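Chains as they are written, first to last, in the numbering used here: chain Z, 30 to 365; chain S, 30 to 365; chain C, 30 to 365; chain U, 30 to 365; chain G, 30 to 365; chain B, 30 to 365.
Beneath this line is the structure, given in structure tokens, with notes to follow.
Number of protein chains: 6
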Amino acid sequence: MVSLGEVLLRFDPENERIHTARSFRVFDGGAEYNVARSLAKVFRRQTAIITALADNALGRLAEDFVFQAGVDTSEIVWRDGGTDTRNGIYFIERGFGLRAPASCFDRANTAVSQLKTGEINWHEIFDQNGTRWFHTGGVFVGLSETTPDVAREAMIEAQKNGAIVSYDLNYRDSLWKNKGGREVANAINRELLPFADVVFGAIDFDARLSQFDAEKFRQAAEKMKGEFPDLKIMASTLREIHSASRHDFSAVCITEGEIFKSKNYKNVEVFDRVGSGDAFASGLIYGLLAEKDFQFAVECGAAHACLAMTAPGDNSAATLAEIENLMQGAGANVKR
Amino acid sequence: MVSLGEVLLRFDPENERIHTARSFRVFDGGAEYNVARSLAKVFRRQTAIITALADNALGRLAEDFVFQAGVDTSEIVWRDGGTDTRNGIYFIERGFGLRAPASCFDRANTAVSQLKTGEINWHEIFDQNGTRWFHTGGVFVGLSETTPDVAREAMIEAQKNGAIVSYDLNYRDSLWKNKGGREVANAINRELLPFADVVFGAIDFDARLSQFDAEKFRQAAEKMKGEFPDLKIMASTLREIHSASRHDFSAVCITEGEIFKSKNYKNVEVFDRVGSGDAFASGLIYGLLAEKDFQFAVECGAAHACLAMTAPGDNSAATLAEIENLMQGAGANVKR
Amino acid sequence: MVSLGEVLLRFDPENERIHTARSFRVFDGGAEYNVARSLAKVFRRQTAIITALADNALGRLAEDFVFQAGVDTSEIVWRDGGTDTRNGIYFIERGFGLRAPASCFDRANTAVSQLKTGEINWHEIFDQNGTRWFHTGGVFVGLSETTPDVAREAMIEAQKNGAIVSYDLNYRDSLWKNKGGREVANAINRELLPFADVVFGAIDFDARLSQFDAEKFRQAAEKMKGEFPDLKIMASTLREIHSASRHDFSAVCITEGEIFKSKNYKNVEVFDRVGSGDAFASGLIYGLLAEKDFQFAVECGAAHACLAMTAPGDNSAATLAEIENLMQGAGANVKR
Amino acid sequence: MVSLGEVLLRFDPENERIHTARSFRVFDGGAEYNVARSLAKVFRRQTAIITALADNALGRLAEDFVFQAGVDTSEIVWRDGGTDTRNGIYFIERGFGLRAPASCFDRANTAVSQLKTGEINWHEIFDQNGTRWFHTGGVFVGLSETTPDVAREAMIEAQKNGAIVSYDLNYRDSLWKNKGGREVANAINRELLPFADVVFGAIDFDARLSQFDAEKFRQAAEKMKGEFPDLKIMASTLREIHSASRHDFSAVCITEGEIFKSKNYKNVEVFDRVGSGDAFASGLIYGLLAEKDFQFAVECGAAHACLAMTAPGDNSAATLAEIENLMQGAGANVKR
Amino acid sequence: MVSLGEVLLRFDPENERIHTARSFRVFDGGAEYNVARSLAKVFRRQTAIITALADNALGRLAEDFVFQAGVDTSEIVWRDGGTDTRNGIYFIERGFGLRAPASCFDRANTAVSQLKTGEINWHEIFDQNGTRWFHTGGVFVGLSETTPDVAREAMIEAQKNGAIVSYDLNYRDSLWKNKGGREVANAINRELLPFADVVFGAIDFDARLSQFDAEKFRQAAEKMKGEFPDLKIMASTLREIHSASRHDFSAVCITEGEIFKSKNYKNVEVFDRVGSGDAFASGLIYGLLAEKDFQFAVECGAAHACLAMTAPGDNSAATLAEIENLMQGAGANVKR
Amino acid sequence: MVSLGEVLLRFDPENERIHTARSFRVFDGGAEYNVARSLAKVFRRQTAIITALADNALGRLAEDFVFQAGVDTSEIVWRDGGTDTRNGIYFIERGFGLRAPASCFDRANTAVSQLKTGEINWHEIFDQNGTRWFHTGGVFVGLSETTPDVAREAMIEAQKNGAIVSYDLNYRDSLWKNKGGREVANAINRELLPFADVVFGAIDFDARLSQFDAEKFRQAAEKMKGEFPDLKIMASTLREIHSASRHDFSAVCITEGEIFKSKNYKNVEVFDRVGSGDAFASGLIYGLLAEKDFQFAVECGAAHACLAMTAPGDNSAATLAEIENLMQGAGANVKR
């Protein structure tokens with residue numbers, strides 16, 4: 030399984046605020062990368078990340094994290110680090126109670142945003158390596174003018190070689206606000222969705238759990254299916270945010286007109302929600318790669334997302350056993 | 030805006046207990062100072078602190094915090110540090126769930142407690158600098174025999190120059206228990222309230238949110254107004270403590286017989302409640318200094334108090350944008 | 030008061046997961062030891078721990094913790110540390126929300142597991158020192174083939190000298206799963222219960238608070254009493270685990286056919302639940318040693334258990350004043 | 030005293046390496062800023078920083094540090110933070126023994142690099158505020174195409190209003206290597222030196238202490254004086270690097286043909302050398318602002334530089350008393 | 030062995046400066062206490078501390094450290110903590126290279142300074158408990174007007190019961206500077222030395238190692254012996270401070286006219302020198318209590334002092350084996 | 030390149046002592062593994078570790094480190110973790126000045142010690158994967174009765190397939206002291222050396238740098254060559270330990286009668302010396318794998334060893350550029 034996207038360094042002030050902190054924990058992050066990371070670290074699948082990094086101490090720190098995750102680093106494109114070829118970083122507070130999570134992205138002129146078509150040997154990746162799944166999404170394509178083309182190139186080659194292509198809509202206002210906002214983002218997504226088999230997120234769908242209605246979801250799905258007839262699966266998290274520390278969570282997917290909805294997790298105590306959407310995607314992809322049924326896949330994604338919210342960083346370090354326990358309703362008792 | 034009070038160093042064992050800790054985070058604190066600090070750091074107003082510090086490494090550490098807060102340090106009176114001229118410190122645990130916050134104050138013989146009338150050039154502060162608001166309160170006047178006189182001197186000069194004078198009743202048992210307790214504290218407060226325009230807290234008023242009744246509040250206010258006819262505004266937080274980690278919070282003020290009550294925040298997840306009363310005061314003062322209406326002021330104070338409870342230390346590092354978002358009911362979703 | 034059991038070093042990754050951590054806090058732990066520790070540190074009773082440690086840096090670290098706890102170290106048996114005489118350690122995550130606490134015990138071939146009958150001068154401990162209470166339990170007897178005999182030897186000598194003997198059933202799957210599991214554990218417990226006056230835990234009793242029924246508890250007690258007619262007191266915690274961060278908690282004991290149940294603590298915010306059962310035992314024992322009545326003892330145990338869940342580590346650093354406040358329903362307001 | 034330059038956030042992995050770290054301490058830094066910072070924090074002079082920051086959480090963090098330093102923040106230009114208007118950060122390891130300090134600067138497209146002539150009201154700064162000293166240097170002018178012009182504009186206005194202008198040559202390879210290297214840097218410096226009274230560093234001078242020769246220094250000075258006849262003072266540190274942890278240090282200045290050399294500090298134990306050149310500059314400027322003689326000034330600069338190397342971060346938190354003690358040869362005994 | 034003196038909490042900013050720190054490690058300290066602590070923790074002797082503490086969270090933290098040290102706490106006098114009965118604390122930086130250690134003591138109105146004659150049952154301590162050694166010194170007697178009398182009372186009772194009495198001159202300027210300085214301190218020491226058998230430090234003796242001359246030491250000793258004929262042993266450290274990070278160290282004692290000098294430790298790398306004098310005293314006392322010869326005792330003291338300088342805090346956690354290895358010249362190779 | 034040996038978790042109390050620490054950093058370590066780790070992480074060669082781990086949270090933590098190192102984990106043998114199948118851990122203090130490093134190994138009954146012949150598919154590793162170098166040594170063979178046979182099996186298969194076999198004598202007293210000590214260790218080494226091409230360490234050779242004499246080294250080499258005629262290269266570090274914080278370091282190797290000695294590094298400031306021997310081995314192996322000459326190889330090993338001593342943990346995170354700089358005598362100046 031291969032992801033195309035940015036590997037970011039996440040600087041986290043833990044209990045403090047960014048603007049008054051005096052030290053930061055570092056984690057790895059990045060929406061598309063997180064999916065590959067969880068598939069490797071949690072679900073023990075072979076995955077690789079396609080990205081570019083500037084070859085300086087920060088780029089090597091990013092690589093150090095990718096190694097730790099067990100994600101294949103051999104397809105990383107290394108650029109000379111210099112004034113205008115950077116590595117992406119972001120600062121994020123996880124929030125607490127009434128205080129919302131807050132972020133400060135600093136990803137201008139990153140090496141990955143300078144990727145161009147023709148630089149990556151997609152043929153080798155998909156044909157020779159037998160990659161079965163390809164994932165990218167709206168964060169990567171928002172990085173620059175050139176990244177949508179790189180994504181398209183990859184998606185086409187992936188499909189040509191029989192890999193499943195998933196795409197996460199993932200709108201980030203910080204990326205788009207100066208180039209046309211959500212409308213332009215959607216326009217670009219629309220250019221790429223014809224090459225996707227699976228989409229995470231749905232255009233014009235209210236993903237609040239309290240508003241969930243199977244029929245409305247079906248309608249949104251049918252509308253997308255109408256527009257992109259090759260889409261096979263559409264999946265979405267469903268969430269209700271009571272406070273930064275307490276969410277309701279569920280997830281849903283639809284395929285061939287049939288809806289599969291995970292159970293509802295009410296009043297989930299949230300340590301750090303960032304990355305839980307990616308955790309859902311990885312769990313669902315795992316279910317399908319492992320040839321489980323759709324109900325398993327969506328439950329697996331939802332349970333993984335819930336666990337991902339219980340620990341610091343974008344990513345969970347959950348184990349498959351923990352996920353399956355949660356799917357089966359095991360309580361939070363201690364084993365010893 | 031100018032506050033008169035002690036700048037304390039707060040030693041905080043974070044998750045641990047004071048009596049078994051092996052390291053402490055340090056913060057700045059002090060009831061009256063906290064108000065000036067938030068007005069500077071959060072609300073971006075020019076403020077100064079009138080206090081005294083012993084000139085040793087701890088005093089300079091306190092000054093380092095005041096600088097960081099952006100509060101004017103030029104009126105700090107520096108004393109030779111010595112055996113009997115100390116800087117005030119306190120140790121505080123923030124509590125968790127059923128475990129209440131706990132404190133150990135060590136503020137005997139502090140430089141600030143030795144302030145005497147005639148030492149501060151109030152005339153310069155209020156007349157020449159055009160200070161618009163003066164704040165002090167029951168913690169400062171409880172520090173020693175001489176501090177009530179210093180407070181009176183300042184309040185009179187402030188009013189004479191057209192500054193608004195606010196006074197926070199703020200009873201601290203650790204200060205008064207050896208000198209007559211709440212009764213003596215109230216007696217001294219009563220000597221000073223004639224020179225106040227705004228009072229935080231109300232004598233003989235039950236400030237539990239579950240017991241709030243507009244009529245009772247009005248009666249308490251009228252009683253105080255009867256005793257201190259020049260009082261223009263009386264304000265109070267309203268709180269229900271379910272556990273150290275969960276409060277209900279609201280606030281109320283009355284002016285010219287009209288009651289303004291903030292919305293109720295139920296089941297607020299509390300990280301550290303210490304200083305939330307001061308946060309309320311600063312928010313309300315901001316509203317009035319910025320010439321917003323009373324409803325805005327009380328909502329602003331309440332929202333700021335709620336945010337102050339979501340982060341470590343006496344003080345919040347909230348931004349005005351965050352406060353206004355909370356006032357407008359924005360949820361705790363992440364922006365990115 | 031004297032406990033027989035292992036002193037373990039607990040390595041705790043705090044907010045992180047064990048399998049991805051880069052640093053660990055260390056605490057002391059060990060079920061039977063925890064009881065002696067709380068009686069010394071919290072309840073200010075003279076206690077001693079009977080155990081063995083390998084004489085290397087880790088053993089001395091364990092001793093350093095025992096000193097800190099104020100528990101008498103003079104009866105610790107020191108063995109030469111070597112390849113096959115180790116000190117017990119365990120790794121534990123406290124869990125959060127939907128993520129259950131997780132542990133990894135590493136207590137093979139520990140010095141304490143090699144204790145044999147005849148090594149400890151029980152006569153001196155009970156006869157000459159006037160020890161009034163002896164405690165051990167199912168964790169210690171699960172350590173090796175020899176430890177049940179050591180426990181029996183001690184219990185007999187304790188009773189002979191008029192000390193009260195308490196025994197905590199405390200099943201640990203990690204100790205028993207390779208030697209017959211719960212059935213064998215129960216069989217060994219049954220060999221020792223004839224020498225106990227007080228038992229913590231009950232065989233074949235559902236300790237979920239939501240399932241509590243006084244009659245069922247009485248029946249379970251009567252059944253045990255039938256089997257072990259010398260048992261005088263049977264006590265149990267009652268717990269409902271909503272999530273790793275939220276429990277309901279209560280406790281109950283029965284003596285001479287009379288049931289004493291503590292009040293119910295609902296929705297207790299849990300920081301770290303490990304050791305709360307031992308905290309209950311210590312509180313109940315304190316009540317009886319201090320010659321309070323049974324209702325006090327069970328309430329004291331329950332309140333102490335609740336406080337123990339509010340702080341890191343196996344053990345609380347609560348004070349008796351805090352426990353009594355909680356027993357009397359004092360809220361979680363700050364004193365200052 | 031006013032400095033023109035960048036305020037950087039310094040991310041420091043403490044004992045670790047950048048490329049394998051998992052947390053970072055943050056400090057403030059920036060060559061020209063450091064001089065203003067020390068003059069404020071250490072030497073207690075009124076100073077201001079002229080810079081620009083992007084208005085996001087990182088910019089506010091930089092401001093938080095400037096406040097803490099006691100440097101006036103009122104002339105900071107705030108830009109909207111966005112994809113291409115960043116705040117400068119850098120990562121630095123302090124080195125140890127044979128391992129040299131290492132850095133990774135990330136200062137592309139910073140707000141300060143986008144400063145243009147006409148944006149800062151230099152007239153107000155120098156004429157109305159009575160600023161007595163202006164400092165800038167080769168780092169600031171290396172930031173972009175526009176910064177040399179901003180520096181020139183400021184230097185001319187400063188001189189016009191009678192302020193002393195100092196300029197630190199400070200070559201940074203990371204800034205210049207893609208635009209012509211040291212040669213181009215020198216060319217730009219040469220365009221600005223006509224407007225400087227004091228220069229730190231000397232073109233074509235070997236600043237190794239072991240190679241120091243008063244005559245050679247005089248010749249280098251005369252050569253510069255020949256080229257820039259208005260230069261009044263030329264100063265340089267003299268250093269011999271035995272290892273990252275041990276330097277010899279001295280300093281020298283020349284004015285009106287007279288050389289003043291500080292004593293030699295041999296085998297100085299170095300904790301963190303970064304910023305020691307700036308510390309020298311601040312000490313020398315202090316001496317001159319305080320109207321001490323040149324020997325005092327150069328000794329003060331050297332002693333401050335030595336103390337700056339004993340603590341973490343770019344900047345010292347030394348006190349004037351400590352500096353004077355070191356100048357007078359007081360040993361490193363403890364006072365208590 | 031019993032010490033009379035203050036147990037202080039030491040707040041240590043580690044690599045930072047006190048006046049800009051944001052967190053502090055805590056250690057226990059106090060000159061006379063340190064001697065009892067090392068005799069217990071390092072040399073495994075039974076020791077007790079006679080002191081007073083205010084009964085609040087800080088006093089209990091001090092007690093927690095005393096427990097950890099393995100020093101008997103049963104003779105601690107507990108006072109009600111209040112405005113004017115405090116626990117002593119101090120802040121200390123360990124220094125680095127050219128930056129000297131710096132301290133800020135805050136020990137006014139401590140519980141221990143309020144000790145009065147008649148409060149401690151010295152008879153029980155010395156007669157019934159068979160205490161063999163009593164230690165106090167110039168720090169304790171400098172705490173207040175009453176402490177010299179308490180010391181005298183104890184010394185007399187100790188000698189009456191056959192215990193050896195040692196006294197450390199230990200001048201602290203912070204204690205004496207407002208009451209007459211070193212002259213008054215010496216005068217009070219002179220009132221107490223008649224009751225001492227062993228004195229650490231020598232009046233009018235230059236303790237710099239580079240100035241050491243056996244004859245001068247003999248003369249100083251003879252002068253003291255002339256004044257205090259009952260003195261049996263006079264001992265002193267000998268030190269040369271190259272920098273805060275590098276000392277030469279040695280020690281010497283004289284008894285019955287015979288001088289015993291330890292070997293010289295040259296260029297000792299110093300992590301934290303505070304407490305090394307107390308470490309010397311404890312090593313020498315250990316040698317004598319263990320009935321080793323004088324050469325052993327002074328070598329043991331010197332080696333322990335050197336090891337104490339290699340680790341943080343006032344006290345070492347050295348083992349006897351480590352001390353003996355160093356005495357025998359074992360190098361610093363790793364054993365594994 | 031493939032190593033056979035144990036992956037240990039290293040628990041490091043940083044500045045503290047093990048026996049009084051309250052938290053530990055964790056690193057990976059293990060003599061033979063360290064060589065593979067550096068070849069991967071520092072020298073960017075493809076390497077794998079052959080080992081066994083118990084499948085529990087600690088084993089997965091070890092794996093997490095191996096991933097981070099970029100060492101291939103696919104040949105790790107996973108055992109069920111249980112009472113008697115553990116993962117190896119050790120505690121180590123790095124020492125400071127006169128305080129030697131100290132360790133406490135806890136590696137009884139580890140999964141790796143239970144490896145047996147026939148379990149690893151050496152044929153696949155050497156024949157199919159084209160492995161060019163195999164490394165193991167005296168630590169691995171000291172783990173149990175069965176490990177020498179596993180080593181022999183591997184060495185024979187490696188040589189059969191043309192891989193170079195290196196063996197590090199690496200005596201560890203903690204492993205051998207109960208089974209015959211150095212003599213038995215040497216006997217087992219002698220059984221394996223016939224299958225080695227390269228040996229690190231020399232029997233009966235004084236490796237102190239101050240005692241180095243080319244002739245003596247040649248004699249020791251010839252003696253070993255006489256005994257093991259197939260040995261092609263013999264290499265050794267040369268070290269002089271002035272204190273835990275200061276070593277002299279060099280290295281030497283001999284091949285075909287020709288001696289290659291690195292330059293001498295005098296007064297190397299040592300942060301943590303543990304693992305520097307392994308760092309030397311990795312550097313030398315790198316030189317040979319990269320087909321540099323012998324002088325390069327031994328200089329590369331020595332420089333890497335020196336850099337490894339400048340940072341925490343067993344392993345360096347040096348870069349090849351840093352190593353080459355040091356080899357070429359570049360000073361420790363900062364690049365920026």
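Ideal Cβ positions, reconstructed from N, Cα and C, are used throughout, including at glycine.
Quick caveat, the model's predicted, so the values are computed rather than measured.
Judged by beta-carbon spacing, R201 of chain B lies within the 9 Å limit of G167 of chain B, meaning their Cβ atoms are closer than that value. Those residues of the stretch 94 to 112 of chain S placed with their C-beta closer than 8 Å to a C-beta in chain G are G110, G111 and T112, ordered along the chain.
Contact with chain Z is found for S52 of chain U, since one of that chain's Cβ atoms lies less than 9 Å from the residue's Cβ. Listed along the chain, the chain G residues whose CB falls inside 7 Å of the CB of N362 of chain U are A129 and I270. Nearest to F163 of chain Z by alpha-carbon distance, out of Z:G126, Z:A77 and Z:E148, is Z:A77. In terms of beta-carbon proximity, A187 of chain U stays away from the interface with chain Z, with every pair separated by 9 Å or more. Note on the stretch 244 to 272 of chain Z: there is no whole alpha helix (DSSP H) run with a minimum of 4 residues. As computed with DSSP, F134 of chain Z is found in a beta bridge with Z:Y119.
Excluding five sequence positions before and after I352 of chain U, the CB atoms of its chain that fall closer than 8 Å to its own CB belong to V71, G312, C329, A332, H333 and L336, given in chain order. For N296 of chain U, the three-state secondary structure derived from DSSP is strand.
Excluding the 5 residues flanking it on each side, V64 of chain C has same chain C-beta neighbours closer than 6 Å at S32, H164, D307, A310 and S311, in chain order.
DSSP places H333 of chain U inside the alpha helix (DSSP H), whose first and last residues are F323 to A337. For N190 of chain U, the CB contacts under 6 Å within the same chain, skipping 5 residues up- and downstream, are F155 and D156 in chain order.
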